[in-house]
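Numbering (our numbering), first residue to last: 43 to 169.
Have a look at this one:
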């Protein structure tokens with residue numbers, strides 16, 4: 043199932059590389075730079091998402107695959123399968139994020155039960 047965004051929205055289709063993380067305390071972001079050698083890439087095409095990660099402090103790479111859809115302010119990923127660690131600890135799972143998207147960058151923001159931001163991953167478009 044392809045989920046094309048309405049024309050008024052930017053497109054998430056493409057390849058994105060993680061640039062930073064943010065932790066939020068009292069709605070104030072604290073940006074965390076990536077460790078040297080840490081890479082995470084996400085690819086969104088035709089309603090499908092795949093991500094992979096390498097971390098120099100972990101000898102086992104991580105990955106996941108599933109489907110996604112976006113609205114004007116939300117990203118929903120249904121991850122169907124992934125690496126052994128992912129499947130053993132989370133299994134197939136739906137993730138919902140607040141989405142802040144423009145042509146060349148996006149942030150997926152995790153919210154607490156009250157709708158306050160707690161954590162974000164911040165990406166730039168690489169294709």
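Ideal Cβ positions, reconstructed from N, Cα and C, are used throughout, including at glycine.
In three-state DSSP terms, what is residue i?
i           : result
residue 69  : coil
residue 131 : helix
Under a Cβ-count criterion, where at least 16 other Cβ atoms within 10 Å of its own Cβ denotes burial, should residue i be classed as buried or exposed?
i           : result
residue 148 : buried
residue 164 : buried
residue 114 : exposed
residue 157 : exposed
residue 150 : buried
DSSP puts residue i in a beta bridge; with which residues?
i           : result
residue 74  : 63
residue 137 : 119
residue 54  : In the DSSP output, where bridge partners are listed per residue, residue 54 has none listed.
residue 173 : Limits of the chain in this structure are 43 at one end and 169 at the other, which puts residue 173 out of reach.
Below 7 Å, is the gap between the Cβ of residue i and the nearest heavy atom of the ligand SAH?
i           : result
residue 158 : This structure simply doesn't include the ligand SAH, nor any ligand for that matter.
Could you pull out every residue in the same chain whose Cβ sits closer than 6 Å to the Cβ of residue i, ignoring the five residues on either side in sequence?
i           : result
residue 138 : 118
residue 92  : 85 and 107
Kindly list the residues whose CB is nearer than 8 Å to the CB of residue i, restricted to its own chain and excluding five residues on each side of it in sequence; keep chain order.
i           : result
residue 166 : 58, 59, 61, 146 and 147
- Message: Report the start-end ranges of each beta strand (DSSP E) in the stretch 78-123 that is 3 residues or longer and not cut off at the edges.
- Response: Counting only runs that start and end inside the stretch 78-123, the beta strand (DSSP E) elements of at least 3 residues fall at 81-87, 90-97 and 100-112.
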